[in-house]
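Below is one structure, written out as structure tokens, with a few remarks after it.
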Amino acid sequence: MRAVSLAILFHVGLCAAQTTVTGRVVDATNGAPLPYCTVARVGTTEGTITNTDGGFRINVAPDDSLRFSYIGLLPRTLPAREVDGRDVRLFPAAVELGEAVIRPDDQLYARIIRANKWIRQAPGTRSKLFFGVETYNNGLPVEMIHAYYNASLKGGELMDLELKNGRIGVSGIDGRLFINYNTTKAFALIDITADESPFPTSPLKHERAKLLRKGFIVEQVSTAAGPDGVDHLRIVPRANNPQAFTTDIWLEPGGDAVRALELRCKNCPKHPFIPLYEHGRIDTVDLRYKQIWSAGTTPFPQVMQMDYRMAYTGPETHERFTTHALMHAYDQGHGYTLPLFTYGGEIPDYRKIGWLPEDTAFWQRVQPPLPTQRQEQAMRFLRMNDINQGQWYNELDNGRNFFKPPYAVWSAERRIRLTELVDPLALASGTMPHDLDSTTLVAQFYLDMDTVDGHFIHRSFTVADGYSTKVPDVREPWTDCFHNIWFDLCEMERRRLEAELNAPSMTPTRAVTLHTTHTRALQRTTQRYLRETANGTRCEAFFPWNARVKEALGIDNIALLGL
Numbered sequence: 187m188r189a190v191s192l193a194i195l196f197h198v199g200l201c202a203a204q205t206t207v208t209g210r211v212v213d214a215t216n217g218a219p220l221p222y223c224t225v226a227r228v229g230t231t232e233g234t235i236t237n238t239d240g241g242f243r244i245n246v247a248p249d250d251s252l253r254f255s256y257i258g259l260l261p262r263t264l265p266a267r268e269v270d271g272r273d274v275r276l277f278p279a280a281v282e283l284g285e286a287v288i289r290p291d292d293q294l295y296a297r298i299i300r301a302n303k304w305i306r307q308a309p310g311t312r313s314k315l316f317f318g319v320e321t322y323n324n325g326l327p328v329e330m331i332h333a334y335y336n337a338s339l340k341g342g343e344l345m346d347l348e349l350k351n352g353r354i355g356v357s358g359i360d361g362r363l364f365i366n367y368n369t370t371k372a373f374a375l376i377d378i379t380a381d382e383s384p385f386p387t388s389p390l391k392h393e394r395a396k397l398l399r400k401g402f403i404v405e406q407v408s409t410a411a412g413p414d415g416v417d418h419l420r421i422v423p424r425a426n427n428p429q430a431f432t433t434d435i436w437l438e439p440g441g442d443a444v445r446a447l448e449l450r451c452k453n454c455p456k457h458p459f460i461p462l463y464e465h466g467r468i469d470t471v472d473l474r475y476k477q478i479w480s481a482g483t484t485p486f487p488q489v490m491q492m493d494y495r496m497a498y499t500g501p502e503t504h505e506r507f508t509t510h511a512l513m514h515a516y517d518q519g520h521g522y523t524l525p526l527f528t529y530g531g532e533i534p535d536y537r538k539i540g541w542l543p544e545d546t547a548f549w550q551r552v553q554p555p556l557p558t559q560r561q562e563q564a565m566r567f568l569r570m571n572d573i574n575q576g577q578w579y580n581e582l583d584n585g586r587n588f589f590k591p592p593y594a595v596w597s598a599e600r601r602i603r604l605t606e607l608v609d610p611l612a613l614a615s616g617t618m619p620h621d622l623d624s625t626t627l628v629a630q631f632y633l634d635m636d637t638v639d640g641h642f643i644h645r646s647f648t649v650a651d652g653y654s655t656k657v658p659d660v661r662e663p664w665t666d667c668f669h670n671i672w673f674d675l676c677e678m679e680r681r682r683l684e685a686e687l688n689a690p691s692m693t694p695t696r697a698v699t700l701h702t703t704h705t706r707a708l709q710r711t712t713q714r715y716l717r718e719t720a721n722g723t724r725c726e727a728f729f730p731w732n733a734r735v736k737e738a739l740g741i742d743n744i745a746l747l748g749l
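Using the numbering used here, you'd call the opening residue of the sequence shown number 187 and step up by one each time.
Written as structure tokens, this is what we have:
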């Protein structure tokens with residue numbers, strides 16, 4: 187099993203919009219806010235979802251119409267100009283059945299099997315995806331994650347996530363940190379139709395009604411009042427099936443297409459969450475997982491929620507945490523231009539996100555929709571407790587903690603020590619061969635780019651790669667000087683790359699070509715440097731290279747670090 191954990195937030199896609207519309211979506215029968223209601227720009231793949239208070243914010247063109255849809259309620263389409271600053275009221279589309287009518291029916295089992303088949307046959311799709319996590323201890327925020335990905339989904343399963351950008355905020359309790367270390371894994375591990383799972387049994391794993399009946403009771407809770415409604419069925423584990431989810435499923439009227447489903451358990455008998463340290467234990471987990479499906483020609487789970495409460499016991503501590511997680515897939519068929527960077531092995535969210543320098547412009551472009559008061563407080567928390575802004579984070583040993591991967595970003599103000607950057611976890615696992623006397627120096631150019639309103643924008647930086655770098659364990663007096671001259675040479679090549687990227691009419695395709703060209707030039711320079719310095723053992727050969735660095739960057743490593 188893998189250590190995973192999770193929580194909530196929202197997103198809005200990039201729109202070529204001229205005005206911003208805000209409003210609230212409520213239940214017309216009682217005025218209750220409708221959380222995670224879909225708000226779509228008609229005729230586009232763009233849209234957003236409401237927050238937990240039913241509030242939304244979306245960019246629109248002057249003549250746009252917005253379609254509001256929520257499970258069990260009639261959808262509604264309105265001109266965008268008519269909803270700004272107002273409540274949008276949605277009416278019921280289902281008739282609740284009386285308690286005496288809620289009873290098992292043979293046809294219901296067959297219908298669940300057909301719904302299972304419908305999910306399995308749902309075509310694959312790609313989209314952009316927002317991922318948000320909030321964790322609270324006694325009502326106080328202790329963790330927050332915002333991240334954007336390109337997602338691949340098929341048959342109700344999250345197949346792949348590719349990170350575009352992210353940020354993390356954490357705050358300690360009595361000097362201890364509670365973190366959801368590999369959050370996206372929990373979503374990927376929940377395959378609602380899988381025969382085997384680290385979670386409780388899903389009734390949707392069954393492909394035969396006879397097997398489903400053995401372990402579950404299927405009841406009909408409500409029926410659609412019209413073609414825009416949904417039929418609500420509930421699937422309850424029998425007494426002989428204690429390690430199973432209770433499941434609610436909402437289907438198209440009289441049909442098999444899934445509109446939403448929810449799996450839940452209290453004190454779950456089975457889950458994949460484990461403490462990072464052996465001296466702690468997870469006592470109980472209450473879990474709720476929900477999917478809301480799109481109703482287009484290519485249906486897919488547009489919203490995925492996971493909420494759980496966890497009791498944790500460690501040395502001299504017993505804590506209860508509540509975590510809310512949300513994935514919102516949007517802009518179907520489109521994706522971000524992903525950064526050009528190769529990660530070493532399978533790296534959890536924390537390690538991928540934590541080391542990245544903040545991209546302020548990106549976060550301004552993808553601002554979340556209208557936040558609740560609680561979320562505004564959480565956002566302030568995120569800004570105040572961003573892990574890579576804290577002194578404690580900068581002082582962490584890269585290879586020996588759960589936050590930082592063994593990467594170092596070039597800085598004129600900070601000299602690196604490669605002997606401390608090389609990842610001991612990779613060495614211990616045997617994924618990277620290690621010769622005590624060998625030297626392999628590897629750097630990458632991190633290049634992130636987008637096209638916004640027809641304009642190419644980008645950022646780049648030079649990164650020492652501790653996953654692939656190999657250096658002798660013994661540090662000589664000149665070792666740091668040798669390594670930093672090399673790293674400065676890498677930065678000089680990146681600046682040549684930057685000069686070309688800033689040319690007029692630059693495109694992502696051209697940028698990829700330039701990135702490849704300058705990466706190869708960097709590799710040639712590295713090989714020449716290692717050859718002429720005999721892998722850092724001929725100190726007299728450092729001088730001409732140091733002179734080149736001093737002329738280009740104004741840094742004299744021999745004077746700073748000595749030989």
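Beta carbons: idealized from backbone N, C-alpha and C, even for Gly.
So residue i packs on residue j, CB below 8 Å; how close in whole Å?
i: Asn366; j: Val328; result: The Cβ separation is near 10 Å, so there is no contact.
i: Ser646; j: Arg680; result: 6 Å
i: Ser251; j: Pro265; result: 5 Å
i: Gly412; j: Thr379; result: That belief does not hold up - the Cβ atoms of Gly412 and Thr379 are roughly 29 Å apart, past 8 Å.
i: Phe642; j: Thr703; result: Contact flag wrong, Cβ pair sits at about 17 Å.
i: Gly652; j: Pro592; result: 3 Å
i: Tyr632; j: Pro501; result: Not really, about 39 Å apart at Cβ, beyond 8 Å.
i: Val407; j: Arg420; result: 5 Å
i: Phe507; j: Thr321; result: 6 Å
Ignore the nearest five residues each way along the sequence and tell me which others in residue i's own chain have a CB closer than 7 Å to its CB.
i: Trp304; result: Asp442, Ala443, Val444
i: Val287; result: At Val287, the pLDDT of 48 sits below 50, so the modelled position is not reliable; the number obtained from the coordinates is stated separately. There are no such residues.
i: Ala214; result: Arg275, Leu276, Phe277
i: Ile741; result: Ala598, Asp674, Val735
First and last residue of the alpha helix (DSSP H) that includes residue i?
i: Gly401; result: 395-401
i: Ala689; result: That residue, Ala689, is in no alpha helix (DSSP H); it is neither H nor E in DSSP.
i: Arg227; result: Careful: Arg227 lies outside any alpha helix (DSSP H), inside the beta strand (DSSP E) at 224-227.
i: Gly540; result: 535-540
i: Tyr295; result: 292-307
i: Thr605; result: 604-607
i: Thr546; result: 546-551
Per DSSP, which residues does residue i bridge with? Please list them.
i: Gly722; result: Gly722 is not bridged to any residue.
i: His457; result: In DSSP, His457 forms no bridge with anything.
i: Ser338; result: Arg312, Asp346
i: Met492; result: Tyr475, Ala511
i: Glu320; result: Met330, His510
i: Ile744; result: Bridge partners of Ile744: none, in fact.
i: Lys656; result: Thr626
i: Thr470; result: Ala497
i: Tyr715; result: BP columns for Tyr715 are empty, so no partner.
i: Thr432; result: Arg450
Span of the beta strand (DSSP E) holding residue i?
i: Thr234; result: 233-235
i: His641; result: 641-651
i: Val274; result: 273-276
i: Gln518; result: It is not in any beta strand (DSSP E) - Gln518 carries neither H nor E in the DSSP assignment.
i: Glu448; result: 444-451
i: Ile244; result: 241-246
i: Arg267; result: Unbroken run through Arg267: none, as it is neither H nor E.
i: Pro423; result: 417-423
i: Arg253; result: 251-255
i: Arg210; result: 205-213
Apart from the five residues just before and just after residue i, which ones in its own chain have a Cβ nearer than 6 Å to its Cβ?
i: Glu382; result: none
i: Asp346; result: Ser338
i: Val422; result: Ile403, Thr432
i: Leu542; result: none
i: Trp672; result: Leu627, Tyr715
Go through its chain and collect everything with a Cβ distance to residue i's Cβ below 8 Å, but skip five positions before and after it.
i: Ala614; result: At Ala614 the pLDDT is 42, less than 50, meaning the model places this residue with poor confidence; the figure from the coordinates comes in the next sentence. Excluding sequence neighbours, Ala614 sits near nothing in its chain.
i: Phe729; result: Ile744
i: Phe567; result: Pro327, Met330, Gly355, Ser357
i: Val608; result: Gly585, Pro592, Gly652, Thr655, Lys656, Val657
i: Val212; result: Ala218, Pro219, Leu220, Gly240, Asp273, Val274, Arg275, Leu276
i: Asp572; result: Arg353, Ile354, Gly355, Glu544
For the ligand ATP, any of its heavy atoms closer than 8 Å to the Cβ of residue i?
i: Leu716; result: The ligand ATP is not among the ligands present in this structure, which contains no ligands whatsoever.
Please confirm whether residue i has its beta-carbon closer than 9 Å to some beta-carbon of chain C.
i: Leu315; result: Although the question refers to chain C, the structure presented lacks it and comprises just one protein chain.
request  = Decide yes or no for the touch test of the segment 219-237 against the segment 504-517: beta carbon pairs closer than 8 Å, at least 3 of them.
outcome  = They touch, by the three-pair rule.
inquiry  = Contact between the segment 493-510 and the segment 340-358 is defined here as three or more beta-carbon pairs at a separation below 8 Å; is this criterion met?
reply    = no
message = I'd like to know if the segment 301-316 and the segment 521-535 are in contact, where contact means that at least 3 CB-CB pairs between them fall below 8 Å.
response = yes
query = How do the segment 332-339 and the segment 470-485 stand: do at least 3 beta-carbon pairs fall below 8 Å, yes or no?
reply = no
message = Tell me whether the segment 542-549 and the segment 265-274 touch, counting them as touching only if at least three CB pairs, one residue from each stretch, are closer than 8 Å.
response = no
query = Below 8 Å, can you find three or more Cβ-Cβ pairs linking the segment 650-666 to the segment 720-730?
reply = yes
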